[in-house]
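Novice:
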Amino acid sequence: MKFLDQAKVFIASGNGGSGIISFRREKYVEFGGPDGGDGGKGGDVYVEAVENLNTLIDYRYVQHYKAERGKNGQSANKFGAAGKSVTLRVPVGTQILDEFGESVLADLTEPGERVMIAKGGDGGFGNARFKTSTNRAPRRRDLGYPGEERWVWLHLKLIADIGLLGFPNAGKSTFLSAVSKATPKIADYPFTTLHPNLGVAAIQNRSFVIADIPGLIEGASEGAGMGTRFLGHVERSAGLLHIVDGCEDDLGASYLKLRQELELYGGDLAEKTEVLALNKADAIGQELAEDQARSLSEAAGGKKVWIMSAVSGEGVDAILHELANMADAQRAEDRRVAKGEVEEPWTP
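Each residue of the sequence shown is one higher than the one before, starting from -9 at the first, in this note's numbering.
#1: Tell me whether the stretch 105 to 118 and the stretch 43 to 54 touch, counting them as touching only if at least three CB pairs, one residue from each stretch, are closer than 8 Å.
#2: Roughly how many angstroms lie between the CA atoms of A201 and R321, to the nearest whole one?
#3: Please confirm if the stretch 273 to 287 is in contact with the stretch 307 to 318, defined as three or more CB-CB distances below 8 Å between the two stretches.
#4: Would you identify the three-state DSSP class for S285, choosing helix, strand or coil?
#5: Can you tell me which of V82, V80, K121 and V301 puts its alpha carbon nearest to the alpha carbon of G27?
#6: In terms of residues, what are the limits of the beta strand (DSSP E) holding E304?
#7: Helix, strand or coil, according to DSSP, for N187 in the structure here?
#8: I need the straight-line Cα distance from E264 to V199, nearest angstrom please.
#9: Could you check whether the stretch 142 to 153 touches the stretch 14 to 24, counting it as contact only if at least three pairs of C-beta atoms, one from each stretch, sit closer than 8 Å?
#10: Quick one, are the C-beta atoms of L268 and V295 less than 8 Å apart?
#11: DSSP three-state call for R131: helix, strand or coil?
#12: Can you check which of these residues, K270, D272, R249 and A271, is closest to E261 by C-alpha distance?
#13: So, W141 versus E92, is the Cβ gap smaller than 8 Å?
#14: Determine the DSSP secondary structure at R119, reduced to helix, strand or coil.
#15: Does the structure place the stretch 234 to 250 close enough to the stretch 124 to 137 that three or more beta carbon pairs sit under 8 Å?
#16: Could you give the C-beta distance for N44 and L188, rounded to a whole number, given that I count them as a contact under 8 Å?
#17: In the DSSP assignment, find the unbroken beta strand (DSSP E) run with S167 in it and report its ends.
#18: For G242, report the span of its alpha helix (DSSP H) as first-last.
#19: DSSP three-state call for R325: helix, strand or coil?
#20: Any idea if Q194 is buried or exposed, counting beta-carbon neighbours within 10 angstroms, 16 or more meaning buried?
#21: Taking the alpha carbon of G292 as the point to measure from, which residue in Y255, G242 and R326 has its own alpha carbon closest?
#22: I'd like to confirm the pairing. Which residues does DSSP put opposite G153 in its beta bridges?
#23: Drop a sphere of 10 angstroms on the beta-carbon of N5, count the other beta-carbons inside from all chains shown, and report buried for 16 or more, exposed for fewer.
#24: So which of V35, G29 and V169 has the shortest CA-CA distance to D307?
#25: Quick one: does E251 have its CB under 8 Å from some CB of chain B?
#26: Run through the DSSP bridge pairs and tell me what V52 is partnered with.
#27: Quick check on E261: does DSSP put it in helix, strand or coil?
#28: Which same chain residues, not among the five before or five after G7, have their C-beta less than 6 Å away from its C-beta?
#29: Report the partner residues of N269 according to the DSSP bridge assignment.
#30: From I274, I10 and H232, pick the residue whose C-alpha is nearest to that of D25; which is it?
#31: V105 and Y55 - do their beta-carbons sit closer together than 8 Å?
#32: Any idea if L231 is buried or exposed, counting beta-carbon neighbours within 10 angstroms, 16 or more meaning buried?
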């Protein structure tokens, strides 16, 4: 299925049904009085997060979603039927933004989470509602109230435990395919990966989800190469695996460029726990790999550099253990927050 991480849709809730003017007319009942019923409520528009869905592609082809109008009231004080609501089903991790993409209306991060984004109009009163001691036969009724309509953006930010970062051709997709059953496109040229991929990695009965995003380029934080969209997919992760191509001449400069993009992107992306890995040890040999790792560590302020080969599997298990520890720590923290043991930090 084709991947799509954003879509613009038009949503409209249903108008309320109108009340009616009616009088009771029965044999032997001389003054039956008003019996006009109220109109039914218009249908609402909901968005619901569902499992086993990881693309917004359906909303590229169908962009208009309208709930039903409420039915008009009937005689004998019968209410009109409510209009049917409409539910847009989206992947977990979808944000709903206003038409201009500036305000987040909702953020669906849990399966089954559901939010109303357009409320149906209320039904109008029938004339039975207006009967008083001085007006026994009112000829007044209310029209149904209008529903709401608007354009909204759906933005998908994948929810993964670990996000893969690196410049094009660093070997991120090769790593993902080696440690999971994901089948990203792999080739010996840059920009092979054109959209994010998810894979489930496992080590010693511990599993976690990895998100591989397309290779970033300089200026990604400002939107170059759709970088802002891609970085959003690792924004929710517990930690990052930064893969550096061991065949590069200036590893330090490459590393610092990508770190700068994380800083410029904002949020807490640059503060996330990072595992730094030097890839392609099989291609450059152990001695050169160790030299490159020392150079990279110096550029990273003394941070530990893991040496690996996604092709041969060298060093991969050790990195998986480290990533599993990061994922487990974040899950434990989430459980403490859910139980109220940890106060969540305030964010504006």
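Beta carbons: idealized from backbone N, C-alpha and C, even for Gly.
Specialist: Taking the definition as stated:
#1: Fewer than three beta-carbon pairs drawn from the stretch 105 to 118 and the stretch 43 to 54 are found closer than 8 Å, and the two stretches are therefore not classed as touching.
#2: Residue mapping note: residue 201 aligns to position 211 of the sequence shown, counting from 1. Residue mapping note: residue 321 aligns to position 331 of the sequence shown, counting from 1. In a straight line, the C-alpha of A201 is about 17 Å away from that of R321.
#3: Below 8 Å, too few C-beta pairs join the stretch 273 to 287 and the stretch 307 to 318 to call them touching: fewer than three.
#4: One-based indexing of the sequence shown puts residue 285 at position 295. Helix, per DSSP.
#5: If you number the sequence shown from 1, residue 27 lands on position 37. Answer by Cα proximity: K121.
#6: The count along the sequence shown starts at 1 and reaches residue 304 at position 314. Following the DSSP letters along the chain, one finds E304 in no beta strand (DSSP E), marked with neither H nor E.
#7: Translated into the one-based positions of the sequence shown, residue 187 becomes position 197. In the structure shown, N187 sits in a strand (DSSP, three-state: E or B).
#8: As a position in the sequence shown, residue 264 is number 274, starting the count at 1. As a position in the sequence shown, residue 199 is number 209, starting the count at 1. Near 16 Å, if we compare the C-alpha coordinates of V199 and E264.
#9: no
#10: On the sequence shown, position 278 is the one that residue 268 refers to. On the sequence shown, position 305 is the one that residue 295 refers to. Cβ distance < 8 Å, so L268 and V295 count as in contact.
#11: Here the question's residue 131 lines up with position 141 in the sequence shown. Residue state, collapsed to three classes: coil.
#12: Along the sequence shown, one-based indexing puts residue 261 at 271. The candidate whose alpha carbon is nearest that of E261 is R249.
#13: In the sequence shown, residue 141 corresponds to position 151, counting from 1. In the sequence shown, residue 92 corresponds to position 102, counting from 1. Taking 8 Å as the Cβ cut-off, W141 and E92 do not qualify as a contacting pair.
#14: Position 129 of the sequence shown, counted from the start, is the residue given in the question as residue 119. Helix, per DSSP.
#15: no
#16: As a first step, residue 44 must be located in the sequence shown, where it is residue number 54. As a first step, residue 188 must be located in the sequence shown, where it is residue number 198. Yes, they are in contact, since the Cβ atoms of N44 and L188 sit about 7 Å apart, within 8 Å.
#17: As a working note, residue 167 is residue 177 in the sequence shown. It is not in any beta strand (DSSP E) - S167 instead sits in the alpha helix (DSSP H) that spans K162 to V169.
#18: Counting from 1 along the sequence shown, the entry for residue 242 is found at position 252. Run containing G242: L241 to Y255, per the alpha helix (DSSP H) assignment.
#19: Your numbering for residue 325 matches position 335 in the sequence shown. R325: helix per DSSP, three-state reduction.
#20: The residue given as residue 194 occupies position 204 in the sequence shown. The residue in question, Q194, is exposed, as its Cβ has fewer than 16 Cβ neighbours within 10 Å.
#21: Translated into the one-based positions of the sequence shown, residue 292 becomes position 302. G292 has its Cα closest to that of G242, out of Y255, G242 and R326.
#22: Within the sequence shown, residue 153 is the residue found at index 163, counting from 1. Bridge partners of G153: A201 and L230.
#23: Mapped onto the sequence shown, residue 5 falls at position 15. By the neighbour-count rule (16 or more Cβ atoms within 10 Å), N5 is buried.
#24: Counted from its first residue, the sequence shown places residue 307 at position 317. Of the residues V35, G29 and V169, the one whose Cα lies closest to the Cα of D307 is V169.
#25: Although the question refers to chain B, the structure presented lacks it and comprises just one protein chain.
#26: Against the sequence shown, residue 52 aligns to sequence position 62. Answer by DSSP bridge pairing: none, since V52 is not bridged.
#27: The residue you call residue 261 lines up with position 271 of the sequence shown. In this structure, E261 counts as helix in the three-state DSSP scheme.
#28: Counting from 1 along the sequence shown, the entry for residue 7 is found at position 17. Excluding sequence positions up to five before and after G7, its CB lies within less than 6 Å of the CB of G29, G30, G60, K61, N62, G70, G113 and G134, all in the same chain and listed in chain order.
#29: The count along the sequence shown starts at 1 and reaches residue 269 at position 279. BP columns for N269 point to D235.
#30: Position 35 of the sequence shown, counted from the start, is the residue given in the question as residue 25. Looking at the Cα atoms, I10 is the closest of the given residues.
#31: The count along the sequence shown starts at 1 and reaches residue 55 at position 65. The count along the sequence shown starts at 1 and reaches residue 105 at position 115. In this structure, V105 does not lie closer than 8 Å to Y55 by Cβ.
#32: For this step, residue 231 is matched to residue 241 along the sequence shown. Buried: at least 16 other Cβ atoms inside 10 Å.
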